[in-house]
Amino acid sequence: MLGKGGKRKFDEHEDGLEGKVVSPTDGPSKVSYTLQRQTIFNISLMKLYNHRPLTEPSLQKTVLINNMLRRIQEELKQEGSLRPMFVAASQPADPLSDNFREAQPAFSHLASPPLLPADLVSTMPLESCLTPASLLEDDTFCTSPAVQHDGPTKPPPPALQPVKDSFSSALDEIEELCPAPTSAEAVAAESAAGDSKAQPSESNIHKPEGLPESRTAESKLMDPLPGNFEITASTGFLTDLTLDDILFADIDTSMYDFDPCTSATGAASKMAPVSADELLKTLAPYSSQPVTPNQPFKMDLTELDHIMEVLVGS
Amino acid sequence: ADIISTVEFNYTGDLLATGDKGGRVVIFQREQETKSRPLSRGEYNVYSTFQSHEPEFDYLKSLEIEEKINKIRWLPQQNAAHFLLSTNDKTIKLWKISERDKRAEGYNLKDEDGRLREPFRVTELRVPTLKPMDLMVEASPRRTFANAHTYHINSISVNSDYATYLSADDLRINLWHLEVTNRSFNIVDIKPANMEELTEVITAAEFHPHHCNTFVYSSSKGTIRLCDMRSSALCDQHSKFFEEPEDPSSRSFFSEIISSISDVKFSHSGRYMMTRDYLSVKVWDLNMENRPVETYQVHEYLRSKLCSLYENDCIFDKFECCWNGSDSTIMTGSYNNFFRTFERSTQRDTTLEASRESSKPRAILKPRKVCTSGKRKKDEITVDSLDFNKKILHTAWHPVDNIIAVAATNNLYLFQEKVN
Chain X
2 MLGKGGKRKF
12 DEHEDGLEGK
22 VVSPTDGPSK
32 VSYTLQRQTI
42 FNISLMKLYN
52 HRPLTEPSLQ
62 KTVLINNMLR
72 RIQEELKQEG
82 SLRPMFVAAS
92 QPADPLSDNF
102 REAQPAFSHL
112 ASPPLLPADL
122 VSTMPLESCL
132 TPASLLEDDT
142 FCTSPAVQHD
152 GPTKPPPPAL
162 QPVKDSFSSA
172 LDEIEELCPA
182 PTSAEAVAAE
192 SAAGDSKAQP
202 SESNIHKPEG
212 LPESRTAESK
222 LMDPLPGNFE
232 ITASTGFLTD
242 LTLDDILFAD
252 IDTSMYDFDP
262 CTSATGAASK
272 MAPVSADELL
282 KTLAPYSSQP
292 VTPNQPFKMD
302 LTELDHIMEV
312 LVGS
Chain A
869 ADIISTVEFN
879 YTGDLLATGD
889 KGGRVVIFQR
899 EQETKSRPLS
909 RGEYNVYSTF
919 QSHEPEFDYL
929 KSLEIEEKIN
939 KIRWLPQQNA
949 AHFLLSTNDK
959 TIKLWKISER
969 DKRAEGYNLK
979 DEDGRLREPF
989 RVTELRVPTL
999 KPMDLMVEAS
1009 PRRTFANAHT
1019 YHINSISVNS
1029 DYATYLSADD
1039 LRINLWHLEV
1049 TNRSFNIVDI
1059 KPANMEELTE
1069 VITAAEFHPH
1079 HCNTFVYSSS
1089 KGTIRLCDMR
1099 SSALCDQHSK
1109 FFEEPEDPSS
1119 RSFFSEIISS
1129 ISDVKFSHSG
1139 RYMMTRDYLS
1149 VKVWDLNMEN
1159 RPVETYQVHE
1169 YLRSKLCSLY
1179 ENDCIFDKFE
1189 CCWNGSDSTI
1199 MTGSYNNFFR
1209 TFERSTQRDT
1219 TLEASRESSK
1229 PRAILKPRKV
1239 CTSGKRKKDE
1249 ITVDSLDFNK
1259 KILHTAWHPV
1269 DNIIAVAATN
1279 NLYLFQEKVN
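Written as structure tokens, this is what we have:
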């Protein structure tokens, strides 16, 4: 969806564009530039997250792809800054820089688990509970500073990457299946000062509501992707992109099945103060399907339909 | 046969070593010209084959460590035996290759087949004698340099002092002494305190051919740093920084990726160095840091295909480059089993193909041409018909003669200049 209100005129006048020219080129080529950028963005994401090698992935390749994604994201942020109403959302004061600061390490195969923003309603910073194993870090695996948080929440990266992933994601799974608003609350309280503490009551209120839906949604998303528990090649890059990219309608990341079980604290803790409902309300104008707060995922509906069919049909 | 992953002549050019993806090293030896065929140039025949590295499993990360040989570097010969360093992603090994053409016979305590003799049968003392035997070439590992690299080793380089060598991985460079395996010194470390901030990695490193205190390393951002080990123990501060300013007119999404340097080689003279990035080869004068003195386009026609090449990962292919013995010509590989040579003084470039169909023994290679504009002439290849799976990443040039070794996937081709 490239609706920036630009009319594609054959001449080079910018009158057709409503004053939001942010790409380097004008007119029709601007559309193709955006298209190409989107394509490259998609390809880059797929490279990072669909690769499951037996051996350690090439750090050089990962770095280059990450840089590519960051550059595109920068561009989009600059473009997005011309549309302030999208940026506000429910983020604390400076969402953009916060996101960068709070971003998970991009090189998780060396350190922390990959962060995936896909689950919009995942408001549980589960990973911050799972610190014990992750404290066993060598210098060689050390990335971000460990448990001490100052300001933005940053989960300590576990040293044992793939093993930790499956362990932590298994725990996630278990936690998700058990309604645990209190644990979520406790976790929210545990995570360092800053955004999550700032709005604990709000998150408490909304989390139980968000939990049941997120549970089914996540279990739905989990099923087709069992292997994602051990993403080693993936990076935490996408945590940079969490809310911002969802809010920027240009980027359609919904086609990627991100494994919600490996979404670690960074994304989750950032989203802690944001309730599922608020997110969905923000998203509603941008998605083609009508989204109501109590039915966040169409998949739930189809699954329910399917179950009903099975029950009734038999 | 496995995919060849490295090719290297020794200092005299008599031996040519290849390493492959299966961890094997195959050494070829040039046949001596005999009196009966004085004009025949020496052919290379297999001299020794051995398994250098085995696959390992990193239990901590649950990942395999590939046995693929990333680099082989010869040591200068100091006695009858030959020594080379071979490395995979994590471990460097020093191998000794020696010949045995004599066998001792007449031991006192054991029979010819090795069985111990009965003590009461030993009635007299005799001196074992040496008898000739068929030539046997033995390779034995003499040193194993392990556990010094967290990331993947991409380069090794023997110092001109012939006593030390460096090994480089994505973020660090270590200095070793050939005799000491339990200790290595870190001389470059570009790992950031916060790995999130990592945007650049080391891609290649090499010692200066004459100055044992000087080495260079290249990065994924297209920069080369020259370091002097005399200035400090940790050479994080470079002495010289080589970078060509970006051409704004050719900027694209892929500018950074195609600027990533895949190989850096000093000239034999030590005055120049050559870098290979995705589309070009650049020759730098060590005295001029702001731009290269020569730039050669290897396959500029790929510039419009970068998006597809990014998609199929070809854009990350690491091509190597090499100088000839006199530094007058440089060579590098391309796709479709093409490789390119550039004569520096005449600016003449040639594209040749390494394939069975075009390489009949003793036949002269026909220059190839890739058609870049619309109309394809006879014998030209269009860009779209190039086979991107047939890539020539590894080439080597004989240190003295005009003999080149070209690795095309799992085949090794040896070409030499025709002498009239």
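From first to last, the protein sequence lines stand for chains X and A.
The first sequence lines up with residues 2 to 315 when you count with my numbering.
The second sequence lines up with residues 869 to 1288 when you count with my numbering.
Built from N, CA and C at the ideal position, the CB exists for glycine as well.
Every value quoted in this text rests on a predicted model; they were computed, and no experiment measured them.
Residue-chain proximity (residue i, chain X), Cβ-Cβ < 8 Å
i, result
"A:I1024", "no"
"A:H1020", "yes"
"A:E1068", "yes"
"A:C1189", "no"
"A:D1185", "no"
"A:S1107", "no"
"A:K1228", "no"
"A:C1182", "no"
"A:Y1146", "no"
Beta-carbon contacts of residue i that lie in its chain and below 7 Å, excluding the five residues immediately before and after
i, result
"A:K1258", "Y1203, N1204, N1205, A1276, T1277"
"A:L1170", "L1147, L1177"
"A:P1116", "none"
"A:S1120", "L1174"
Span separating the alpha-carbon of residue i from that of residue j
i, j, result
"A:L1174", "A:E1168", "11 Å"
"A:V1084", "A:E1047", "23 Å"
"A:T846", "A:N1270", "As displayed, chain A neither begins before 869 nor continues past 1288, which places residue 846 of chain A out of reach and without an answer."
"A:A1072", "A:Q1105", "17 Å"
"A:N1042", "A:T1163", "31 Å"
"A:A1273", "A:K939", "15 Å"
"A:W1152", "A:L1094", "12 Å"
"X:N51", "A:I1198", "39 Å"
"A:S963", "X:N68", "The sequence given here places Trp at residue 963 of chain A; Ser does not occur at that position. Rounded to the nearest angstrom, the two C-alpha atoms are 39 Å apart."
"A:K970", "A:S954", "28 Å"
"A:E935", "A:N956", "6 Å"
"A:Q1165", "X:T56", "34 Å"
"A:G890", "A:G1193", "30 Å"
"A:E1111", "A:F877", "30 Å"
"A:I871", "A:I1183", "19 Å"
Residue nearest to residue i in terms of C-alpha spacing, selected from the options
i, options, result
"A:G887", "A:A1101, A:R941, A:Q946", "A:R941"
"A:D1131", "A:M1004, A:G890, A:S1086, A:P1235", "A:S1086"
"A:A1016", "A:R989, A:I1055, A:N1027", "A:I1055"
"A:P847", "A:D1145, A:P996, A:R1171", "For chain A, the structure presents residues 869 to 1288; residue 847 of chain A sits outside this window and is missing."
"A:R968", "A:K1133, A:P1000, A:T959, A:W1191", "A:P1000"
"A:K1133", "A:D1217, A:L1170, A:I1092, A:E1114", "A:I1092"
"A:H921", "A:L1003, A:L984, A:S1008", "A:S1008"
"A:M1063", "A:D1038, A:V1166, A:C1080", "A:D1038"
"A:D1252", "A:I1260, A:P1229, A:S1172", "A:S1172"
"A:N1027", "A:S1196, A:D1096, A:E1225", "A:D1096"
"A:I960", "A:R989, A:L998, A:S1035", "A:S1035"
"A:A1031", "A:R1139, A:F951, A:Y1140", "A:F951"
"A:K1228", "A:F1283, A:L993, A:T1200, A:R1216", "A:F1283"
"A:A949", "A:K958, A:S1135, A:I965, A:L943", "A:I965"
Nonlocal neighbours in the same chain, by C-beta distance under 6 Å from residue i, ignoring five residues either side
i, result
"X:P48", "Note that residue 48 of chain X corresponds to Lys in the displayed sequence, not to Pro. The residues are I66."
"A:K1089", "E1068"
"A:E911", "E899"
"A:L1254", "Y1203, N1204"
"A:S1127", "G1090, D1145"
"A:S1223", "N1205"
"A:K1059", "L1039"
Min CB distance residue i to chain A below 8 Å
i, result
"X:T35", "no"
"X:I41", "yes"
"X:M69", "yes"
"X:V32", "no"
"X:K62", "yes"
"X:I308", "no"
Contacting residues, own chain, Cβ-Cβ under 8 Å from residue i (five flanking each side not counted)
i, result
"A:I1249", "N1204, R1236, K1237, V1238, C1239"
"A:T1219", "S1202, F1206, F1207, R1208, P1235, R1236, K1237, V1238"
Identity of the residues DSSP links to residue i by a beta bridge
i, result
"A:Y1085", "A:A1073, A:R1093"
"A:A972", "A:L998"
"A:L1280", "A:A1275"
"A:C1175", "DSSP, once it has assigned bridges, lists no residue as partnering A:C1175."
"A:I940", "A:S954"
"A:L884", "A:F877, A:F896"
"A:H1262", "A:A1275"
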